[in-house]
Amino acid sequence: MKIILAFDSFKNCLASPEVCRILQQTLRQTAPDWQVIAMPLGDGGEGTARAVTAAGNGSMQQYTVHDPLFRPCQAEWGLLPDNSAVLEMATASGIELISYEERNPMLTTTYGTGELLKHIICEHQIRQITIGIGGSATVDCGIGMLQALGVKFYDQGDQLLPCPATGKDIARISRIDNSGLLPEIRECRIKIASDVTNELCGPNGAARVFGPQKGADDNMVDFLENNLQNFGMLAVASKLADNITTPGDGAAGGLGFALRNFLHAESTSGAELVLQLLDFDRAIRDADWVITGEGCSDYQTCHGKLCSIVAAHAHKAKVPVMLLSGALGERAGELSETFEAVFALSAKPCSLDEALQSTPANLQRMGRSIGNILQLTRRSL
């Protein structure tokens, strides 16, 4: 039997390579003769760079940048054999770099993401870059990143904004000076790996949809919403942007808008890009099962999230798909329309902390059960 393990990360718990490793070992112990292939995945968020770099026989690199609160941190990125780079903005500006109590999009910045890009472009002379923009701690419309790359912002008194600018500083901007932007950017081809389709502002925008999970209360959300709209309109008026309504511009608190307009980056589906880089369709061609999963699955999983895209590719190859996630959420019954089998790891009612701590053991337990079921099923055929 050939089984493909194609997992997303279990957020705040286990990265996708670790999830795949645990299940791979458990299934091999259950049936040593099975071919169990681990293919850790990502859709632009946590785990994307490592998954793509490992699949491409590249190497992970580290560089010291500043985190969302402008403290030194080690950011990693992947260097591929064709001298291209893959990175996640979350490694420099992600929400997992700060504590729950520190979450406040008024005070966070994407400056570290700009530092990492500058390092890759200038010190490594790389011109082909893929950047995943999931898991951000910011709603600064990418102005911190742009500052690190040489863009200057001025207030109404024509005073230069200090570095690093944060979410609250967008309100002060009245003039944008793009003349100092890193010249090498013009030579770069940058791809944005993201499955977020939110616009920059409005009811479906960066502040209203994602602001609360980054620590914004209602007043902050209104303030940030006005900031994003005003900055977007200023960029359009300054002929530095084409519009403020393009889907995906609201990703990572408006970082998508800055990447697309200032760095001329191209947006693409993070999940589709990763599957293409991993040559996923070839790997599953003669598989008996694909097992996928994520931290928590609900009805939204069926609508363009990584696990559903995995299922679509597998079904095209006539391979059944099993979903094994940490937990099942709202309208989980709809998952059976996309997956042949659906399982949750939780063994009993417990707190979130208990569930996270027991995930490795629960993965082993479920791996043994799934292995036994598949063995019995195969014998009956």
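Using numbering that gives the first Met the number 0, you'd call the opening residue of the sequence shown number 0 and step up by one each time.
Just so you know, even glycine gets a beta-carbon here, dropped at the ideal spot from N, CA and C.
Sequence-distant residues of the same chain with beta carbon closer than 8 Å to Q155, five excluded per side: Position 156 of the sequence shown, counted from the start, is the residue given in the question as residue 155. The answer, listed in chain order, is R171 and S173.
message: Tell me which residue opens and which closes the beta strand (DSSP E) that V341 is part of.
response: Looking up residue 341 in the sequence shown gives position 342. Unbroken beta strand (DSSP E) run through V341: A340 to A343.
task: Whole angstroms is fine: what's the gap from R330's alpha carbon to D297's?
output: Numbered from its first residue, the sequence shown carries residue 330 at position 331. Numbered from its first residue, the sequence shown carries residue 297 at position 298. So the alpha carbons of these two residues sit roughly 6 Å apart.
query: In angstroms, rounded to a whole number, what distance separates the CA positions of V320 and E333?
result: In the sequence shown, counting from the first residue as 1, residue 320 sits at position 321. In the sequence shown, counting from the first residue as 1, residue 333 sits at position 334. Rounded to the nearest angstrom, the gap between the Cα atoms of V320 and E333 is 15 Å.
- prompt: Residues in its own chain within less than 6 Å of T337 by CB, not counting five upstream and five downstream?
  reply: One-based indexing of the sequence shown puts residue 337 at position 338. Excluding sequence neighbours, T337 sits near C301, S307 and A310.
- prompt: Do I128 and S83 come within 9 Å of each other at the CB atom, strictly closer than that value?
  reply: Locating residue 83 in the sequence shown gives position 84, counting from the first residue. Locating residue 128 in the sequence shown gives position 129, counting from the first residue. Yes. Within cutoff.
- request: For my contact list, G43 and I132 are in at a C-beta cut-off of 8 Å; report their separation, rounded to the angstrom.
  value: By 1-based counting over the sequence shown, the position of residue 43 is 44. By 1-based counting over the sequence shown, the position of residue 132 is 133. Yes, they are in contact, since the Cβ atoms of G43 and I132 sit about 6 Å apart, within 8 Å.
message: Please list the terminal residues of the continuous beta strand (DSSP E) segment that includes Y153.
response: Looking up residue 153 in the sequence shown gives position 154. Counting along the chain, the beta strand (DSSP E) containing Y153 begins and ends at K151 to Y153.
- request: Give every residue of the same chain whose Cβ lies closer than 7 Å to the Cβ of Q73, excluding the five residues on either side of it in the sequence, and list them in chain order.
  value: For the purposes of this step, residue 73 is taken as the residue at position 74 of the sequence shown. These residues qualify, in order along the chain: Q61 and T63.
message: Just to confirm, is the Cβ distance from L254 to T112 under 9 Å?
response: Position 255 of the sequence shown holds residue 254. Position 113 of the sequence shown holds residue 112. Contact flag set, yes.
query: Which same chain residues, not among the five before or five after F69, have their C-beta less than 7 Å away from its C-beta?
result: Sequence index remark: in the sequence shown, residue 69 carries index 70 (1-based). Closer than 7 Å at the Cβ level, and outside the excluded window around F69, lie T108, Y110 and P163.
- request: Determine the burial state of T376: buried for a count of at least 16 other Cβ atoms within 10 Å of its Cβ, exposed for fewer.
  value: For this step, residue 376 is matched to residue 377 along the sequence shown. By the 10 Å Cβ count, T376 comes out exposed.
query: Going along the chain, which unbroken runs of the beta strand (DSSP E) with 3 or more residues stay wholly within the segment 152-177?
result: 174-176
message: Under DSSP, the beta strand (DSSP E) around P71 begins and ends at which residues?
response: Position 72 of the sequence shown, counted from the first residue, corresponds to residue 71. Segment P71 to L78, the beta strand (DSSP E) holding P71.
- prompt: Leaving out the 5 sequence neighbours to the left and right, which residues in its chain are closer than 7 Å to C295 when beta-carbon positions are compared?
  reply: Position 296 of the sequence shown, counted from the first residue, corresponds to residue 295. Taking C-beta separations shorter than 7 Å and ignoring five residues to either side along the sequence, the partners of C295 in its chain run S324, G325, A326 and G328, following chain order.
Alpha helix (DSSP H) segment containing K315, residue limits: Within the sequence shown, the letter at position 316 stands for residue 315. Unbroken alpha helix (DSSP H) run through K315: L305 to K315.
query: Taking buried to mean at least 16 other C-beta atoms within 10 Å of its own C-beta, is D285 buried or exposed?
result: Sequence index remark: in the sequence shown, residue 285 carries index 286 (1-based). It is exposed - the Cβ of D285 has fewer than 16 other Cβ atoms within 10 Å.
message: In whole angstroms, give me the CA-to-CA distance for G179 and R27.
response: What you label residue 179 is simply residue 180 of the sequence shown in a count that begins at 1. What you label residue 27 is simply residue 28 of the sequence shown in a count that begins at 1. Taking the straight line joining both Cα atoms gives about 56 Å.
- request: Can you check the segment 181-209 for any alpha helix (DSSP H) of at least 4 residues that lies completely inside it and give the ranges in chain order?
  value: 205-209
- request: Quick one: using the 10 Å Cβ neighbour count with 16 as the cut-off for buried, is C121 buried or exposed?
  value: As a position in the sequence shown, residue 121 is number 122, starting the count at 1. So C121 counts as exposed.
- request: Can you tell me which of V273, L79 and F230 puts its alpha carbon nearest to the alpha carbon of N260?
  value: Indexing the sequence shown from 1 puts residue 260 at position 261. Of the candidates V273, L79 and F230, the one whose C-alpha sits nearest the C-alpha of N260 is F230.
task: Hey, could you find the ends of the beta strand (DSSP E) Y62 is sitting in?
output: Here residue 62 refers to the residue found at position 63 when the sequence shown is read from its first residue. Run containing Y62: S58 to H65, per the beta strand (DSSP E) assignment.
field: Separation of D157 from M59, as counted between CA atoms
entry: Here residue 59 refers to the residue found at position 60 when the sequence shown is read from its first residue. Here residue 157 refers to the residue found at position 158 when the sequence shown is read from its first residue. One C-alpha to the other measures close to 42 Å.
- prompt: Span of the alpha helix (DSSP H) holding M219?
  reply: The count along the sequence shown starts at 1 and reaches residue 219 at position 220. Here the alpha helix (DSSP H) through M219 covers D217 to A236.
query: So, using beta-carbon positions, are I142 and D176 closer together than 9 Å?
result: Taking the sequence shown and counting its residues from 1, the one referred to as residue 142 is at position 143. Taking the sequence shown and counting its residues from 1, the one referred to as residue 176 is at position 177. No, Cβ-Cβ distance for I142 and D176 is not below 9 Å.
message: Could you tell me the alpha carbon to alpha carbon distance between K117 and A313, rounded to whole angstroms?
response: Reading the sequence shown from its first residue, position 118 is the one you call residue 117. Reading the sequence shown from its first residue, position 314 is the one you call residue 313. For K117 and A313, the distance between alpha carbons rounds to 38 Å.
query: Which residues bound the beta strand (DSSP E) around F6?
result: Position 7 of the sequence shown holds residue 6. Counting along the chain, F6 sits inside the beta strand (DSSP E) bounded by residues K1 to F6.
message: Give me, in chain order, the residues of the same chain whose beta-carbon lies closer than 7 Å to that of M365; leave out the 5 immediate sequence neighbours on both sides.
response: The residue given as residue 365 occupies position 366 in the sequence shown. L323, F342 and L344.
task: Work out the CA separation of T90 and L4 for me, nearest whole Å.
output: In the sequence shown, the residue the question calls residue 4 occupies position 5. In the sequence shown, the residue the question calls residue 90 occupies position 91. When rounded, the separation of the alpha-carbon atoms in L4 and T90 is 25 Å.
message: Between which two residues does the alpha helix (DSSP H) holding T29 run?
response: As a first step, residue 29 is located in the sequence shown; it is residue number 30 there, counting from the start. Start and end: S15 to T29.
- prompt: Which whole-angstrom value describes the C-beta separation of V208 and A250, a residue pair presumed to lie in contact below a C-beta threshold of 8 Å?
  reply: Locating residue 208 in the sequence shown gives position 209, counting from the first residue. Locating residue 250 in the sequence shown gives position 251, counting from the first residue. Wrong, their Cβ atoms sit about 10 Å apart, outside the cutoff.
- request: Taking only the alpha-carbon atoms, compute the straight-line gap between A282 and K317 and give it to the nearest angstrom.
  value: Within the sequence shown, numbered from 1, the residue matching residue 282 stands at position 283. Within the sequence shown, numbered from 1, the residue matching residue 317 stands at position 318. Near 13 Å, if we compare the C-alpha coordinates of K317 and A282.
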